[in-house]
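To keep things clear, I will list the structure first and then write my remarks on it.
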Amino acid sequence: MGFTPLTDLNFHQTLSDVTGTALVLVGAAHCGACKQLKTVLHRYQNTENALPIFEVDAVMNGGIIQALTIFHLPALFLYVDGHYHRQIQCEATLPALQTAIQQALMQAAEEEP
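For our numbering, add 233 to where a residue sits in the sequence shown, where the first one is 1.
Structure follows, in C-alpha cells:
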C-alpha cells in the first residue's frame, strides 16, 4: 500500500476533504532518513487503526516546504479534520511513531507555521 501524493496544487484542498486524523510525510527520494521513515510508515499502515498517510516530494513542491517552514527532511505532520495539528518528531521506529502520534493527539493543536 502506498501513500497518497500531495503537491503544491492540491495540498490544502485534498487535506481539507479528509475527515479524521491523517499524517503528512515530506521527504525526498535521495534522503536516507526519509527512506528509513517511509519503511516505518509502511509497517505502520499494516497496524490496526492506522491513519491515512499522504506524501509530499520536497524537491518538486517548494511551496509546501516554504509554507510549513521545513528546514530538515524528513518532516512528518499530523492533521485533524483537514487542519494542521502539529509536527511529529520521533525516532524512526514503529513503537516510537505510535507513541508520538498518541501524545500529539492528546496535546492542543498548534498554529500552522
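We treat Cβ as the ideally placed atom computed from N, Cα and C, and that holds for glycine.
Check your understanding: Residue range of the alpha helix (DSSP H) that F304 falls in?
Key -> Run containing F304: none; DSSP gives neither H nor E here.
Point to revise | Rounded separation between Q320 and V289 - CA only | key: 15 Å
Review point. Between Y312 and H305, which are expected to be in contact by the criterion C-beta below 8 Å, what is the C-beta distance as a whole number of angstroms?
Key: In fact, because the Cβ distance is near 20 Å, the residues do not count as touching under 8 Å.
Point to revise | Strand pairing of G260, partner residues [DSSP] | key: D290
Check your understanding: Just to confirm, are A248 and L284 a CB contact at a threshold of 8 Å?
Key -> Reading the sequence as shown, one finds Leu at residue 248 and not Ala. Their beta carbons are not under 8 Å apart, which means L248 does not touch L284 by this criterion.
Exercise for review: Decide if the region 273-280 is in contact with the region 291-303; the criterion is three or more beta carbon pairs, one per stretch, under 8 Å apart.
Suggested key: no
Review point. Between which two residues does the beta strand (DSSP E) harbouring Q320 extend?
Key: H316 to I321
Practice item. Have a look at F310 and G265 and give me their C-alpha separation to the nearest angstrom. Key: Straight-line Cα distance between these residues: approximately 19 Å.
Point to revise | A262 versus D241 - alpha carbon distance | key: 17 Å
Exercise for review: Give the range of the beta strand (DSSP E) segment to which L239 is assigned.
Suggested key: Membership of L239 in the beta strand (DSSP E) is indicated by the continuous run T237 to L239.
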